[in-house]
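Reminder that position 215 of the sequence shown reads as 196 in the numbering used here, one-by-one numbering, no gaps. Every residue, glycine too, gets a C-beta built ideally from N, C-alpha and C.
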Amino acid sequence: MSAYNLLGEERKSFLIRGVQNMKFKSAKFLAVAAAACAAMVGGTAHAALTTFQTFVGNVGVSTDGWGGTGSSGGISAMVPAGATVRAAYLYTSTNNNGGSLQGIGGTLAGSAVSFDTNLGTIPAPACCALTAGRTDVTSIIKPLIDGGPGGLYNFQITESNSAIQDGEALVVVYDLPSLPFSTVGILDGFAQTTGDSASITFANALDPAAPGFFAEMRLGIGFSFNNQSVRQTSRVLVNGDLLTENAGNFDDGAGANGALITVGGFDDPLSPALPTVAQDKERYNLVPFVDAGDTSINIRTFNSSNDDLIFLSVFHVSGEAVICTDPNGCVTTVPEPLSLALVGMALAGLGYQRRRAQKTA
Ligand SMILES: [Ca+2]
Ligand SMILES: [Ca+2]
Ligand SMILES: [Ca+2]
-18 MSAYNLLGEE
-8 RKSFLIRGVQ
2 NMKFKSAKFL
12 AVAAAACAAM
22 VGGTAHAALT
32 TFQTFVGNVG
42 VSTDGWGGTG
52 SSGGISAMVP
62 AGATVRAAYL
72 YTSTNNNGGS
82 LQGIGGTLAG
92 SAVSFDTNLG
102 TIPAPACCAL
112 TAGRTDVTSI
122 IKPLIDGGPG
132 GLYNFQITES
142 NSAIQDGEAL
152 VVVYDLPSLP
162 FSTVGILDGF
172 AQTTGDSASI
182 TFANALDPAA
192 PGFFAEMRLG
202 IGFSFNNQSV
212 RQTSRVLVNG
222 DLLTENAGNF
232 DDGAGANGAL
242 ITVGGFDDPL
252 SPALPTVAQD
262 KERYNLVPFV
272 DAGDTSINIR
282 TFNSSNDDLI
292 FLSVFHVSGE
302 AVICTDPNGC
312 VTTVPEPLSL
322 ALVGMALAGL
332 GYQRRRAQKT
342 A
């Protein structure tokens, strides 16, 4: 148990019991209602951060980010010799384009890319129509890495509209027989600024003391800016304990609109406990937040400045996991239909605190 317990042991046990007992009716009802609301408000195919892909096996993952006010730069992957690429995805994080990806695109390693999947726009009170896009770049990246020397691969990247595109994230998942059996989970979309959650639920109870046990999370965040007078950060809780209050900033870009991006990457250190803004590179070791016997890891995010886009969350954990976004764990049964009136009643009880802040970047 970490010292940074915000909710207390009782609350934490409640959360874990909630995950273990999926028949918990009222909690499930609220979760379904919140998801229904997000879908209605968002008006897009995606509602908040949702599971995009889960890879299980002798797998590894490379992540990296790039942003700039110019129209081209470099983005990288670190892949060991002998590995073969299972899948590769490129994301772009945009601002002030009306929630559309029109005019958004570019090239990766000389090949044209169009971000064909709009991951949705954060609803109010978030500002600036913050919207990310995703495209599958496996056909571009795989031939450049498979059979290659291994190590660092650098790719040129360009943006069609650099002022709107804050930057890109490259996620490469690969197979290598010598790697331990593990799970890579990719969640994407947007985290609602007033509070959002994701859970990893495991088939077997976790033992963080087991040899080789690991659990890591990396975030991709757009349109975040911090200096001595402006503070735009996200708070992240893991199993009810505070992981960071300082996720965000433009670590992989620059301090100007059109370059505000940070991605926890292969070249970033794991954040220390309770990192400062400078220390937080959006790459986190979750092991200290796991207690022996836990069957889930629950993540909650909040962005009180209402102007940062958490568009990507990549998990890499030992063993086989099921990754989902229900705050109470992975519900496997189909919920009964809810009337809009019932949804409204549930939402009235949610009572989130909301604050507004002006973007000054
Ligand atoms: Ca740009
Ligand atoms: Ca980074
Ligand atoms: Ca950061």
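- Query: Cβ of D97 within 7 Å of any heavy atom in ligand 2?
  - Reply: Working through the sequence shown from its first residue, we reach residue 97 at position 116. Result no, Cβ not under 7 Å from ligand 2.
- [ ] Using the Cα positions of I178 and F283, report the straight-line distance between them to the nearest angstrom.
- [x] Taking the sequence shown and counting its residues from 1, the one referred to as residue 178 is at position 197. Taking the sequence shown and counting its residues from 1, the one referred to as residue 283 is at position 302. For the record, residue 178 in the displayed sequence is Ser; it is not Ile. Near 9 Å, if we compare the C-alpha coordinates of F283 and S178.
What did DSSP end up calling I85 once you bin it into helix, strand or coil? Taking the sequence shown and counting its residues from 1, one reaches residue 85 at position 104. Coil, per DSSP.
- Item | Close beta carbons around G391, own chain, < 6 Å, minus the five adjacent residues each side | Residue 391 falls outside the range modelled here, since the chain spans only -18 to 342, and no answer is possible.
query = Should D177 be counted as a contact of ligand 4 given a C-beta to heavy atom distance under 7 Å?
reply = Ligands in the displayed structure: ligand 1, ligand 2 and ligand 3; ligand 4 is not one of them.
Pairing CB atoms from the region 140 to 155 with CB atoms from the region 255 to 272, are three or more of them under 8 Å? no
Segments of 4+ residues assigned as alpha helix (DSSP H) that fall wholly inside the region 59 to 143: 119 to 126
Contact check, D117 vs L293, beta carbons under 8 Å: Within the sequence shown, the letter at position 136 stands for residue 117. Within the sequence shown, the letter at position 312 stands for residue 293. No, they are not a contact pair.
Quiz prompt | heavy atom of ligand 3 below 7 Å from E263 C-beta | solution = As a working mapping, residue 263 is identified with position 282 in the sequence shown. Yes; taking the cut-off as 7 Å, the Cβ of E263 has a heavy atom of ligand 3 nearer than that.
- Query: Are M59 and L133 close, meaning C-beta to C-beta below 8 Å?
  - Reply: Mapped onto the sequence shown, residue 59 falls at position 78. Mapped onto the sequence shown, residue 133 falls at position 152. Their beta carbons are under 8 Å apart, which means M59 touches L133 by this criterion.
ask   = Which residue's Cα is closest to the Cα of N238: F171, N230, G86?
value = As a working note, residue 238 is residue 257 in the sequence shown. That would be N230, whose Cα lies nearest to the Cα of N238.
### Ranges of the beta strand (DSSP E) found wholly within the region 199 to 260, counting only runs of at least 3
215 to 219, 222 to 228, 242 to 244
**Prompt:** Would P256 be called buried (16 or more neighbouring beta carbons within 10 Å of its own) or exposed?
**Reply:** Taking the first residue of the sequence shown as 1, we reach residue 256 at position 275. Looking at its Cβ environment, which holds 16 or more other Cβ atoms inside 10 Å, P256 is buried.
Check your understanding: Thinking just about the alpha-carbon of each residue, which of L290, F296, I304 is nearest to the one in S74?
Key -> Taking the first residue of the sequence shown as 1, we reach residue 74 at position 93. Selected option, being the one with the closest Cα: L290.
**Prompt:** Looking at D288 and ligand 3, is the gap between the Cβ and the nearest heavy atom below 7 Å?
**Reply:** By 1-based counting over the sequence shown, the position of residue 288 is 307. Relative to the non-hydrogen atoms of ligand 3, the Cβ of D288 never comes closer than 7 Å to any of them.
*asked:* Quick check on the DSSP output: the beta strand (DSSP E) that includes L293 runs from which residue to which?
replied: Within the sequence shown, numbered from 1, the residue matching residue 293 stands at position 312. Looking at the DSSP string, the run of the beta strand (DSSP E) that includes L293 is 290 to 299.
| message | Could you pull the DSSP bridge partners for E149 from this structure? | response | The residue labelled residue 149 in the question sits at position 168 within the sequence shown. Beta-bridge pairing links E149 to W47, T73.
>> Taking a contact to mean a Cβ-Cβ separation below 8 Å, would you say I242 touches G46 in this structure?
In response: Sequence index remark: in the sequence shown, residue 242 carries index 261 (1-based). Sequence index remark: in the sequence shown, residue 46 carries index 65 (1-based). Contact flag set, yes.
| task | For V154, name the three-state secondary structure that DSSP assigns. | result | For the purposes of this step, residue 154 is taken as residue 173 along the sequence shown, with counting starting at 1. Strand at V154.
(Q) Please tell me whether, using a cut-off of 7 Å, the distance from the CB of N208 to the nearest non-hydrogen atom of ligand 3 is below it. (A) Against the sequence shown, residue 208 aligns to sequence position 227. No, the Cβ of N208 stays beyond 7 Å of every heavy atom of ligand 3.
For D272 and G87, I'd like the C-alpha separation in whole angstroms.
The residue given as residue 272 occupies position 291 in the sequence shown. The residue given as residue 87 occupies position 106 in the sequence shown. Rounded to whole angstroms, D272 to G87 spans 44 Å at the Cα level.
Next on the checklist: Between S92, T112, V153, which has its C-alpha nearest F36's C-alpha?
Outcome noted: Here residue 36 is taken as the residue at index 55 of the sequence shown, counted from 1. Checking every option, the nearest Cα to that of F36 belongs to V153.
Skipping 5 residues on each side, what residues in its chain have a beta carbon closer than 7 Å to that of D127? The residue labelled residue 127 in the question sits at position 146 within the sequence shown. For D127, where only same-chain residues beyond five positions count, the Cβ hits under 7 Å are T65, V66.
Beta carbon of N230: closer than 7 Å to some heavy atom of ligand 3?
Within the sequence shown, the letter at position 249 stands for residue 230. True, at least one ligand heavy atom lies under 7 Å from that Cβ.
Checklist line | Length of the line joining the Cα atoms of S277 and L82 | finding: Translated into the one-based positions of the sequence shown, residue 277 becomes position 296. Translated into the one-based positions of the sequence shown, residue 82 becomes position 101. For S277 and L82, the distance between alpha carbons rounds to 35 Å.
**Asked** Under the three-state reduction of DSSP, which class applies to F183: helix, strand or coil?
**Response** Residue mapping note: residue 183 aligns to position 202 of the sequence shown, counting from 1. Strand.
In angstroms, rounded to a whole number, what distance separates the CA positions of M21 and L71?
-> Position 40 of the sequence shown, counted from the first residue, corresponds to residue 21. Position 90 of the sequence shown, counted from the first residue, corresponds to residue 71. Here the model assigns M21 a pLDDT of 33, short of 50, so the residue's position is not dependable and the matter cannot be decided.
Exercise. How many Å lie between L223 and D275 at the Cα?
Worked result: Numbered from its first residue, the sequence shown carries residue 223 at position 242. Numbered from its first residue, the sequence shown carries residue 275 at position 294. So the two alpha carbons sit approximately 17 Å from each other.
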